[in-house]
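Heads up: the protein sequence lines correspond to chains A and B, in order. The first sequence stops at residue 789 when you use UniProt numbering, and every number in between is there. The second sequence stops at residue 357 when you use UniProt numbering, and every number in between is there. Where is the CB? At the ideal position from N, CA and C, for every residue including glycine. To start, the structure itself, in C-alpha cells.
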Amino acid sequence: MQAAPIKIWDIPGGIHPAEHKHESTQRGLEVMPLPARLVLPLQQHIGARSEPVVAVGDQVLKGQLLAEATGLVSCPLHAPTSGIVTAIGPAPFPHASGLEEWAITLDSDGEDKWTDLEPIADYQSLEPATLLDMIRLAGISGMGGAGFPTSAKLKARPEQKIFTLIINGTECEPYITADDTAMRYKAAEIVAGIEILMHILHPADVLIGIEDNKPEAIAAMRAAVGDRAMRVIEFPTKYPSGGEKQLIQILTGKEVPSGGLPADIGMVCQNIGTLLAVHDAVLLGQPLIKRITTLTGDALTRPTNVEALIGTPIRDLLQFAGLQPDKLYRLVMGGPMMGFTLQSLDAPILKTSNCLLAGSIEELPPPPVAQPCIRCGLCSEACPASLLPQQLHWFALGKEHDQLKRLNLFDCIECGCCSYVCPSSIPLVQYYRASKAEIRALDLQTHKADHSKQRFEHRQARLQRETEQKEMDRKVRAEKAARIKAAKEAAQPSETETSAEATTDVTRIEAHKPTGLTPEQKQLKIAAATAQMALKKAQKQIAANPDNVDLQAQVPELEQACEQAQRTFDEAMGEVSVKAPAPPSAAGADDAKRLKIEAAMARASLKKAERAAGDSPTEEQEKEIYALREQVAVADARLPKDEAPRKPLDESLKKAKLDAAMAKAALKKAERAQSENGEDAALQEEIERCRAQLSDALGVLEQAEAKASQLETSQQRAEKKPVDETTLQLKTDMATAKASFKEAERAVQEARENNADTGPAETELANSREVLDKAAKAFAAHMASKETN
Amino acid sequence: MALVRITSPHARGNNRTQTIMLWVLGATLPGVAVMTWLFGFGTLINILLASCFALAAEALILRLRKRPVVFFLSDGSALVTAWLLALALPPYVPWWLVLVGTSFAIVFGKQLYGGLGQNPFNPAMVGYVVVLISFPVEMTTWPAWRGIEQALPDLHSVLGLLEALQRVFLPGSVPTIDGWTLATPLDVVKNNSSLTMDELAASGQPVFGSLGGRAWEWVNIAYLLGGAVLIYKRVLSWHAPAGMLLALGLMSLLFWGGSGSDSNGSPMFHLLSGATMLGAFFIVTDPVSGATSSLGRIVFGAGVGILVYVIRAWGGYPDAVAFAVLLMNLAAPTIDYYTTPRTYGHRKAERGMGKAD
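Structure representation (C-alpha cells):
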C-alpha cells in the first residue's frame with residue numbers, strides 16, 4: 001500500500017565532501033572477537049549518570065544489570081559479556097577533553113554466558129507504556145550521535161500526538177557506514193524495530209529516509225518493508241541531510257521550531273542503530289550491549305564494520321582492523337565533520353560510537369594557518385540553518401553576546417559546513433562552541449546573581465516589615481501612655497494648661513526667629529528688647545524687695561509696654577495673624593524665663609523661711625513655709641514642659657508627701673506643747689486631730705506611691721514584650737527548618753563541587769525550603785494575629 | 001604515539017583565499033586584453049606599476065605593524081587592489097599618479113584599518129577617488145582608441161611602446177599632441193545639450209557603437225565575460241552584480257528621455273559604457289566592504305546602480321562607479337542589519353537594529 005511518491009524538499013546550504021564510504025563496506029559486517037576486558041562508563045547518554053548496582057569482585061552474567069538509571073533522563077547499563085567486575089572508578093573515556101569518567105571495568109571470563117532473558121514474541125498484546133518501559137530498562141539511548149534516552153524521546157511530548165515517524169538512514173557524514181551496513185545485513189530486524197515503535201506511537205506516516213549513495217541499503221530496506229505501511233525515501237546525497245532537523249525538512253518541508261523538539265510538530269526521528277536495539281530488547285529480550293561500528297581510515301589496513309560489544313577498548317577494535325601505529329596521526333570518534341579527536345586508545349566505545357576514523361597525516365592534514373576573514377560569504381551559502389557564519393565569527397571574536405544571540409547562534413547545529421568551505425581556514429565551529437559555552441556560563445552566573453538579588457530583596461523587605469512593626473508597637477505604647485497622662489491631667493487641669501500654653505509659645509517663637517531684618521524691624525526689635533529688659537529689671541528688684549509696693553505696681557505697666565513692643569515688632573515681621581490672640585500673661589521665651597525666675601524666687605524664699613524656722617519652727621513660720629512650698633510647686637508646674645520633666649503623677653505624690661510632712665510637723669508641735677504645758681484636754685484633742693491627719697496623709701502618700709510604681713512597671717512591661725509559648729514554639733520550628741535548609745544547601749554545593757549527581761540533594765533542598773516556608777508563614781501569621789489582638 | 005587534538009570538522013575543502021584572488025585576477029584578463037588592443041600599452045604599464053607599488057606599500061606597512069610579510073603578501077589581495085585600480089585609471093597617466101593612487105589605496109584604504117578583511121571601504125576605489133579629485137586633468141585624459149583614424153583621420157591612435165613609456169615616466173618631456181585624446185562617450189552625452197541623439201551619432205565624433213559607447217562597449221563586454229566565469233566558478237555570487245545592473249538598467253530606462261537633446265542615453269548605452277561592467281563584477285563584489293547576506297548584496301548592488309545613474313545623469317562627474325561604491329560601503333553595515341536571512345526554525349527573520357530579546 002505505497003502512498004503517492006513523496007515530495008523531496010531541498011535544504012539550504014550543505015556541502016559535498018569526498019565520501020570515502022566504499023573503503024569500509026568491502027568486508028560486510030564482521031563480528032568482533034570477545035575482548036579480555038571491557039570498560040563501561042556510567043555516562044554514555046545525555047542526562048544523569050547511572051548508579052552502579054554491582055560491587056568490585058562480583059561475578060556477572062551477560063546482559064545482567066550493572067548500573068541503574070537515576071532520574072527520568074538517564075539510562076541503565078548492562079554487562080556486555082559474563083565476567084568479573086574488577087574496578088569501579090575513573091577510567092579512560094572517549095571525550096574531546098581527554099578527561100576520565102567513572103566506569104565499571106569488567107574482565108571477561110570467556111564464557112559469554114547470558115543471564116535469563118525474557119523475549120516477548122507477541123508484543124502487540126502489550127500496552128505502549130509496557131513497551132516503553134522495556135525500552136527504558138534495556139538501556140537504549142539514541143545511537144546516532146547525541147545519545148538521548150530513547151524512551152524519554154518517544155514520550156517527550158505526551159500531549160502531542162505523533163503523526164510522522166521518521167527513520168534516519170541518511171548517514172550523511174563521510175567515512176561512516178555503520179547504518180549502511182546495518183540496513184544491508186539486518187533490514188528485517190530494523191523493520192521489526194520500526195513496527196514496535198509503530199505499535200507504541202501509532203503514527204499516521206512512517207518515512208525511512210536514505211541518501212541515494214547507498215543503493216544496496218535502499219534495495220535491502222525496500223525488500224524488507226515489502227507492503228508494510230512504511231515508505232523508503234531516497235533523496236540526493238548532501239551533507240548534512242542526516243541532521244534530525246534537516247531530514248525532517250527534506251522529507252516533510254516542515255521545520256522544527258527553534259529551541260523545540262520534533263515532537264512539537266508531531267514527529268519523532270529514530271536512528272537505524274536504535275531500531276536494531278529496540279528489536280533486540282523486545283523480541284529477543286536482550287538489553288543494549290552491542291552496536292555496529294565503522295572502523296576506517298588510512299591508518300587501518302582492513303577498514304571494516306564490526307558488531308562490537310559496548311565497552312570494547314578502541315585499541316582492540318583498531319588492532320582488529322589492522323592498525324598501523326606509525327601511520328596514525330589523527331584518531332577521530334565519529335565522522336570527519338562532527339567527530340572529536342581522541343588522545344588515547346585505552347578509551348572504550350560507547351552506545352553512541354558509530355565510527356572510529358584512524359587517519360594518516362596525508363588523509364587528515366593539520367589545518368593551514370587561519371587567514372583573516374574576507375567576508376566572502378561562502379560559509380553563509382553553505383550553512384544549512386541559514387545563519388550568517390561570518391558575522392557570528394566577528395561577534396564571537398568581539399565577545400558580543402547580544403549580537404550572537406540576535407544572529408541565532410544557538411540554532412547552529414555545529415555541522416562544520418562553514419569551516420569546511422572557509423577559504424581562510426578559520427575554525428568557525430570552534431568559535432561558536434566556545435561562544436555558546438561562554439554564554440551558557442554567563443547565563444548561569446546571571447541566574448545565580450538574580451537569585452541572590454531576589455533573596456536579598458526579600459530579606460530587605462522582611463527587615464522593613466519588622467521595623468514597621470516595631471514602630472507601630474511603639475506608637476501603640478505611646479498612645480496608651482498618653483491616655484494615662486490625659487487622665488492624670490484631667491485631675492490637674494490648671495497646671496497642664498499653663499504649661500501647655502508656655503510650650504506652644506516657645507515653639508512658635510522658635511519657629512519664627514527672625515533672620516533677615518529690615519532697619520525698621522531692627523529698631524522695633526530693639527524697642528521690644530528694651531521693654532523686656534526694663535520689665536526683667538523690675539522683676540528682679542521685686543525679687544530682692546518683695547515688699548516694695550511701688551515696684552509691684554510698676555510690673556503690670558511694664559509688662560504691657562513690653563508686650564506692645566513685641567506685638568509691633570511681630571506685626572512688622574508680618575506675623576500678627578499668627579500671634580494675634582496672644583495671652584497677656586505669656587510672652588514666649590521671656591515668659592518661660594519669668595516663670596523660671598518666679599519659681600526660683602519662691603524656692604529661695606522657701607529656703608529662707610525654712611532656715612529662719614530652724615529646727616523648731618513656730619506655727620506661723622510653718623504656715624509660711626507651707627504656703628511657700630505650695631508656691632514653689634505651682635511655679636514649677638507652670639514652667640514649660642521641657643523645663644519641668646517631672647510627671648504629673650509625681651506631683652500628686654509630692655503633694656501627698658508634703659501633706660504627710662505637714663501633718664507630722666503639726667503633730668510634733670502639739671506633742672511639744674503638751675509636754676511643756678502638762679496635761680491639757682484641748683492640747684490632747686489637738687494631738688489626736690493631728691495624728692488622724694498624719695495617718696490620712698500617710699495613707700494618701702502610700703496610695704500615690706503605689707500608683708507611681710505600678711505605672712513604672714507597666715511601662716517596663718510594655719517595653720519588654722512578653723513571649724507566650726506559641727510564639728516560642730513557632731520560633732523554634734522556624735529555626736530548625738532553617739538549619740535543615742542550610743544543610744541541604746551545603747549538600748547540593750558539595751555534590752556540585754565533587755561533580756556528583758545533585759539530584760537527590762536538590763530534592764532534599766526543595767523539601768526543606770518548603771518546610772521552612774511553611775514555618776515562616778505560620779510564625780508570621782501568629783505574630784500578625786497577636787498584633788491585632 | 002602522540003595523537004593530535006584538533007576540533008571538528010576534520011575534513012576541509014580545498015578553497016583558499018589565494019585561489020579566490022587569483023581567479024579574480026584571471027577574470028580581468030579579457031578586459032585587460034581588450035583595453036590593451038584599444039588603447040595600447042598604457043593599461044599594461046598601469047598594471048605593472050600599480051602591482052609593484054602596492055606590494056611595496058603592503059610589505060612596508062606589514063613590517064611596521066610587525067606582521068608576517070610573506071604570509072600576508074601571498075594572499076594576493078594587494079595585487080587585486082592594484083589591478084582594479086590600474087584598470088580604472090586612464091592609460092598613460094604619469095607614474096607618480098599611479099604611485100599616489102596605489103599607495104593611498106593600500107596604506108590608507110586597507111592597512112590602517114587593520115589589513116585584509118578590516119577595511120570598510122573598497123581600497124581601490126578610495127585610491128581612485130583620491131587621484132580623481134586631486135589630479136582631474138590627468139584623470140580625464142583618455143587616449144583615442146584604435147580605429148579612430150577611420151572616422152577622424154587627423155587623430156592619432158595608439159602610441160608605440162617607447163612613446164608610451166616616455167609619456168608615463170617623463171610626462172613633461174613629451175608635448176601634448178593635439179588630437180591624441182578624446183572625450184569618452186559618457187562625457188559627450190553628459191555635456192551635450194543641443195543635439196539629438198541621432199545628430200550626435202551622425203556628428204563628427206563617433207560616440208555610439210552598435211550597442212553602447214563606441215569602443216567602450218567591447219571593454220564592458222570583456223569584463224562581463226570575465227565576471228560570468230567568476231560566477232560560474234562560484235568565486236562570486238550573482239547577487240551584487242545583478243542588483244547593480246538591474247538597478248542601473250531600470251533607472252536609465254525610467255529617465256531615458258528619448259532621443260532628444262536632453263536625453264540621458266539609452267539603458268544599453270549606460271550598461272555598456274564607462275566602468276559599468278568592471279564595477280558590477282569586480283568592484284561591487286568586493287566581499288570585505290560589501291553587504292554579507294545574499295539579499296543584502298542585492299540591495300547593496302542596487303544602491304550602487306542607482307547612485308551611478310544619479311551621478312552620471314544629474315551629478316558633476318561623467319562616471320560614478322567609485323563614488324557610488326564608496327557611498328554604499330558606508331551603508332553596508334546598516335544593510336546587513338536589515339537583510340538578515342530567516343534562520344531554520346524561526347518564523348521570521350530577526351531584522352533591524354534591535355538587540356535580541
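Segment limits, beta strand (DSSP E) that includes residue i
i        : result
A/Glu211 : Asp205 to Glu211
A/Glu307 : Thr304 to Leu309
B/Val4   : Run containing B/Val4: none; DSSP gives neither H nor E here.
A/Cys355 : Cys355 to Gly359
A/Gly83  : Gly83 to Ala91
Residues near residue i in its chain [Cβ-Cβ closer than 6 Å; skip 5 each side]
i        : result
B/Met328 : Phe300, Gly303 and Val304
A/Leu126 : none
A/Ala565 : Ala527, Ala528 and Ala531
Top-ranked residue by Cα proximity to residue i, from the options
i        : options                                   : result
A/Thr763 : A/Glu753, A/Phe741, A/Lys654 and A/Ile310 : A/Phe741
A/Lys731 : A/Ala553, A/Glu307 and A/Ala780           : A/Ala780
A/Ala187 : A/Ala156, A/Ala223 and A/Arg433           : A/Ala223
B/Ser74  : A/Pro372, A/Arg455 and A/Leu317           : A/Pro372
A/Lys21  : A/Thr115, A/Val421, A/Leu247 and A/Thr296 : A/Thr296
B/Leu307 : B/Asn46, B/Gly42, B/Leu195 and B/Leu248   : B/Leu248
A/Ile162 : A/Ala217, A/Met267, A/Ile120 and A/Ala79  : A/Met267
B/Ala320 : B/Ser259, B/Met244 and B/Ala349           : B/Met244
A/Pro313 : A/Leu34, A/Ala744 and A/Lys657            : A/Leu34
B/Ala88  : B/Tyr337, B/Leu295, B/Tyr223 and B/Tyr338 : B/Tyr223
B/Ala27  : B/Gly345, B/Leu278 and B/Ala324           : B/Leu278
A/Lys259 : A/Gln521, A/Ile439, A/Leu409 and A/Gly145 : It should be noted that the sequence gives Gly, not Lys, for residue 259 of chain A. For A/Gly259, the nearest C-alpha among the options comes from A/Leu409.
B/Thr184 : B/Leu236, B/Leu112, B/Cys52 and B/Ala275  : B/Ala275
A/Met32  : A/Glu770, A/Lys238, A/Ala220 and A/Gly322 : A/Gly322
Three-state secondary structure (DSSP) of residue i
i        : result
A/Gln270 : strand
A/Phe235 : strand
B/Asn192 : coil
A/Gln59  : strand
B/Ser293 : coil
B/Ile20  : helix
A/Trp102 : strand
A/Ala778 : helix
A/Thr164 : strand
A/Arg474 : helix
A/Cys383 : coil
A/Leu117 : coil
A/Ile292 : strand
A/Ala347 : coil
Cross-strand partners of residue i (DSSP beta bridge)
i        : result
A/Leu65  : A/His78
B/Ser259 : Note: B/Ser259 sits in no beta bridge, so no partner.
A/Glu51  : A/Glu68
A/Met333 : A/Phe340 and A/Leu356
A/Ala15  : Here residue 15 of chain A turns out to be Ile, not Ala, going by the sequence shown. Looking at the DSSP assignment, A/Ile15 forms a beta bridge with A/Tyr239.
Any non-hydrogen atom of the ligand ZN within 7 Å of residue i CB
i        : result
A/Lys480 : Inclusion of the ligand ZN in the displayed structure is not the case, the ligand content being empty and no account of it being possible.
Nonlocal neighbours in the same chain, by C-beta distance under 7 Å from residue i, ignoring five residues either side
i                      : result
A/Glu414               : Met338, Val429, Tyr432 and Arg433
A/Ile218               : Ile210, Val232 and Glu234
residue 359 of chain B : For residue 359 of chain B there is no data in the structure shown, the boundaries of chain B being 1 and 357.
A/Ala635               : Leu595, Glu598, Ala599 and Ala602
A/Ala18                : Pro174
Start-to-end residues for the alpha helix (DSSP H) that takes in residue i
i        : result
A/Pro128 : Pro128 to Leu137
B/Leu44  : Gly42 to Leu64
B/Thr81  : Ser77 to Ala88
Proximal residues to residue i (C-beta, below 8 Å), its chain only, five neighbours per side dropped
i       : result
A/Gly90 : Rather than Gly, the amino acid found at residue 90 of chain A in this sequence is Pro. For A/Pro90, where only same-chain residues beyond five positions count, the Cβ hits under 8 Å are Glu100, Glu101, Trp102 and Ala103.
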